[in-house]
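Novice: I have a structure here, written as structure tokens, and I will follow up with some questions on it.
In my numbering, the protein residues as written are 1 to 261.
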């Protein structure tokens, strides 16, 4: 009844009977959201891309668990309430490839249930931001230009059912452990004047940049308090400046970099 009145329901108010009744009555939005939440919490089964539809997630749940009544019958209801501690992992890497002219491109490779990895090329700041946005955490540095990452399977779909299920205290505990870090390069000229910031794509005014997960927002001119305004913390790093900016258009090279965060 709470769902019928408001379109949302507390996770703590949902039990096996509620889900079985929703399935029996054909309350599609509630049933779909329940399957999405359930699959994410289980953290097992087929891999799904960031741009998959809700229908794709529901279909994956049905293929893996047979439907709500079957999942409940198999004893999986507890994972509707809280995340499975034995979720599968997905892995990725960032590897820098140097060019003879001193430039460098970064290859982002995701190893997700496929014969060949998903591979993209970009600059350093884009590589770091896309890994964070996709829910990956660094697990090992092979070298300064080669890092390995992993994520809980389906963690990137975590927010898909938020429009139906009100936050649950166990959800909040899980999300506190998944802090989204973003990175930006702060470019200063030789007079120590901040001239450019290379930032996450969602900070761009250009829709073609915002819609590209591997995009870079080029902020020019830059307010002197831009870092504070957008929550970035300053950390100086002037190593491999030109190599790290290889492939970024629209940036003049009269600078040094106290860089990033």
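From the three backbone atoms N, C-alpha and C, an ideal C-beta is built for every residue, glycine too.
Once DSSP output is grouped into helix, strand and coil, what is the label at residue 168?
Specialist: Residue 168 falls in the coil class under three-state DSSP.
Novice: Measuring only between beta-carbons, confirm whether residue 73 sits less than 7 Å from chain D.
Specialist: The displayed structure is made up of one protein chain only, and chain D is not part of it.
Novice: Look at the alpha carbon of residue 165 and the alpha carbon of residue 40, and state the distance between them as a whole number of angstroms.
Specialist: The straight-line gap from Cα to Cα measures roughly 13 Å.
Novice: Suppose contacts are defined by Cβ-Cβ distances below 7 Å. Is residue 153 in contact with residue 220 by that definition?
Specialist: For residue 153 and residue 220, no; Cβs fall outside 7 Å.
Novice: Among the candidates 197, 191, 206 and 161, whose CA atom is the shortest distance from the CA of residue 53?
Specialist: The candidate whose alpha carbon is nearest that of residue 53 is 161.
Novice: Exposed or buried, which one is residue 231 when buried takes at least 16 other CB atoms within 10 Å?
Specialist: So residue 231 counts as exposed.
Novice: Where does residue 68 sit, in a helix, a strand or coil, going by DSSP?
Specialist: Residue 68: helix per DSSP, three-state reduction.
Novice: Could you give the distance in angstroms between the alpha-carbon of residue 222 and the alpha-carbon of residue 167?
Specialist: Those two C-alpha atoms are separated by around 37 Å.
Novice: Quick test of your reading: residue 139 and residue 148, contact by CB under 8 Å. State the CB separation rounded to the nearest angstrom.
Specialist: Indeed, because the Cβ distance is near 5 Å, the residues count as touching under 8 Å.
Novice: Where does residue 48 fall in DSSP's three states?
Specialist: It is coil, neither helix nor strand.
Novice: I need the boundaries of the beta strand (DSSP E) containing residue 36, first residue and last residue.
Specialist: First-last for residue 36: 28 to 42, but that is the alpha helix (DSSP H), not the beta strand (DSSP E).
Novice: Count the CB pairs spanning the region 191 to 199 and the region 207 to 221 that are closer than 8 Å, and state whether there are at least three.
Specialist: Result yes; three or more Cβ-Cβ pairs closer than 8 Å.
Novice: Give me the residue from 183, 75, 146 and 86 with the minimum Cα distance to residue 126.
Specialist: Answer by Cα proximity: 183.
Novice: For residue 146, list the residues DSSP reports as bridge partners.
Specialist: Bridge partners of residue 146: 95 and 143.
Novice: Express the C-alpha separation of residue 108 and residue 188 in angstroms, rounding to a whole number.
Specialist: When rounded, the distance between both Cα atoms is 27 Å.
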